[in-house]
Amino acid sequence: MNKEIRVLEPKNIWNKFADLNAVPRPSKHEERVTQFMLDFGKTLGLETTKDVVGNVIIKKPASVGMEDRKTVILQSHLDMVHQKNADTDFDFNTQGIEMYIDGDWVRAKGTTLGADNGLGVATIMALLESKDISHPPLEALFTIDEETGMTGAKGLKGGLLKGDILLNLDTEDDDEIDIGCAGGVDITAKGVYREIPLGEGYAAYKILVKGLSGGHSGMDIHLGLGNANKIMNTLLIMGQEQLGLRISKIDGGGLRNAIPRESTAWVAIKASDSNKLDALFKDWSNNLKKEFAATEPNLKIVCEPAHFSKMVMEPNDQQALTGAIKNAHNGVYAMSKTMKDLVETSNNIARVEVGDGEIKIACLTRSSVEDGKMELAKNLQANFEKAGYEVTLSGDYPGWNPNPDSTILEVLRTKYRELFNEQPRVVACHAGLECGILGKNYPEVDMISFGPTIKGAHSPDERASISSLQKFWKFILEILSEIPKK
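Written out as structure tokens, the structure reads:
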């Protein structure tokens, strides 16, 4: 499996990536990949430890002649987002990722690729294994659970690392040098509703919203992509207003950090309105497809006969649900006033589950400004509480404040200009990098983030550029050779 990937250049990284992708590594269940990394470090004869939360630390002495340089922490996360297409038969808990080459891209067959952040991990592994690369003292930090709570970064104790500079290899455009990121907080609304039996004369249908692009709920939130939960809710509202549609069950979206691509709802209408439904649904679908024509050309909306239990939501509870989702902000909330084209605050309505008398709505709110994050979070909380739901805020993590005077930033800027004859883009990103959290216990460490080009992260369209990884490898080797003296 994946033999064609192993012959790509740089072979040392692609081989390590293929090894890594053979190990199942879902967030919250990193036991196998953690052991894989521990075995890797010990096989090399390097100082290898696991901390109390499960992060792996591997330390490597400087190469000859580089002993007087500052120690560099190389950091990436071990877990990956698990998303697959509905028609893909794949078990993330038991199977390795199946990869293939598509021009300049490496992709996975119907699933996420794991390049986020597997290519960063593989790069660090290649550096640790190397015998002929010039580098300062290295401390490799492999964190767990970045994608679903950043608990690895949060649990890392001060004093375990001695490095002066941290290179986070989790940025996804190779011409970017990242010096800041957004913080985030999870908003979860839970409620109950009354189930009542349908009378006679009703017909059951299943509505499907699918074919959306999905993507990273931070990095892609400004692209105007469709949110399957919002689109489904629009259809349900039109159905209840024009046909008296009744909701039985909803299953929409998935992970909180992925823009939802699919949603399914089981509904009922009076059988006498079935012909009317066909015409109206066609109009609703066409209007939504026109609205998203530029960003979601593959949007599919299907309504088909179905079978389900005769229990549906009580009308007032249904009105409260669809109203709450309609009024919940989704997408960009505010743009940065200090950095051009940077999303400051946003929300992703990631998951909607309705069934058996219970409701759960999960959101992820992000912001590079703490006040902005909590303002939107409180607005969402008030909206869901108005509908009668219990709301919890959890998983709160800080952003990373940019330092434009960073010493390591100047090293990267200079080397990038020398190597590629152009200026890099120095940015802050609307995603949750671990630097902000790590900086709480290591406030004196000079941090920077960069990486090879990866597109479609957190979706089955995830792909990694082959030529970009070659560029990135050349870049990081030059950076390590130019680390300042102590």
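The sequence shown begins at 31 in our numbering and counts up one residue at a time.
Glycine included, each C-beta is placed from N, C-alpha and C at the ideal position.
All figures in this text were calculated on a predicted structure; none of them were measured in a lab.
- Rounded to the nearest angstrom, the Cβ distance from D216 to R286 is 6 Å, consistent with a contact under 8 Å.
- Ranked by Cα distance from A461, the options V297, K356, Q500 and G210 are led by G210.
- Counting only residues of its own chain and dropping the five nearest sequence neighbours on each side, H107 has a CB closer than 6 Å to the CB of N147, T173 and E176.
- By the Cβ neighbour-count rule, Y427 is buried, with 16 or more other Cβ atoms within 10 Å of its own.
- By a beta-carbon distance limit of 8 Å, I513 does not contact P56. Their separation comes to about 35 Å.
- If you look at Q65, you'll find it in the alpha helix (DSSP H) that goes E61 to T73.
- In the DSSP annotation of this structure, the continuous segment of the alpha helix (DSSP H) that includes W314 starts and ends at S304 to E321.
- M404 carries a helical assignment under DSSP once its states are collapsed to helix, strand and coil.
- The shortest C-alpha to C-alpha distance from E344 to any of A48, M249 and K279 is the one to K279.
- Checking the DSSP bridge columns, you'll see I226 partnered with V342.
- With respect to the C-alpha of V362, the residue from K370, N377, T368 and I355 having the closest C-alpha is N377.
- A contact between stretches requires three or more CB pairs, one per stretch, nearer than 8 Å, and the stretch 428-445 meets this requirement with the stretch 471-479.
- Between the stretch 384-397 and the stretch 263-281 there are three or more inter-stretch CB-CB distances shorter than 8 Å, so the stretches are counted as touching.
- Cβ atoms of D134 and S497 come within 8 Å of each other, at about 5 Å.
- By the beta-carbon neighbour count (other beta carbons within 10 angstroms, threshold 16), Q65 is exposed.
- In the structure shown, the three-state DSSP call for A48 is helix.
- Linking M129 to E34 through their CA atoms gives a straight-line distance of about 9 Å.
- Classified as buried, H488 has 16 or more neighbouring CB atoms from the shown chains inside 10 Å of its CB.
- Close CB contacts of L510 within its chain, under the 6 Å cut and outside five residues either way in sequence, are with H165 (chain order).
- If you look at K501, you'll find it in the alpha helix (DSSP H) that goes I496 to S511.
- Closest option to Q113, judged by alpha-carbon separation, among F480, P290, G402 and L351: P290.
- Contact between T483 and D204 holds, with the beta-carbon distance rounding to 5 Å and staying under 8 Å.
- By the neighbour-count criterion, in which a residue is buried when 16 or more other Cβ atoms sit within 10 angstroms of its Cβ, K161 is exposed.
- Annotation: the continuous alpha helix (DSSP H) that includes R447 extends over T437 to F450.
- Where K90 is concerned, there is no enclosing alpha helix (DSSP H), although the beta strand (DSSP E) around it starts and stops at V86 to K90.
- Excluding five sequence positions before and after E326, the CB atoms of its chain that fall closer than 7 Å to its own CB belong to L242, S243, L255 and G256, given in chain order.
- Segment contact: the stretch 465-473 against the stretch 409-416, fewer than three CB-CB distances shorter than 8 Å; contact not assigned.
- Secondary structure at H246: strand, using DSSP grouped into helix, strand and coil.
- Counting only the Cα atoms, M262 lies some 15 Å from K320.
- Within the stretch 258-311, the beta strand (DSSP E) runs of at least 3 residues that lie entirely inside it are, in chain order, 276-283 and 293-300.
- Cβ-Cβ separation between A234 and A298: approximately 5 Å, consistent with a contact (criterion under 8 Å).
- The three-state reading of DSSP puts L158 in helix, counting H, G and I together.
- The bridge partners DSSP lists for D208 are V457 and S479.
- Take V441, set aside five residues on each side of it, and the residues of its chain with a beta-carbon closer than 6 Å to its own are E512, in chain order.
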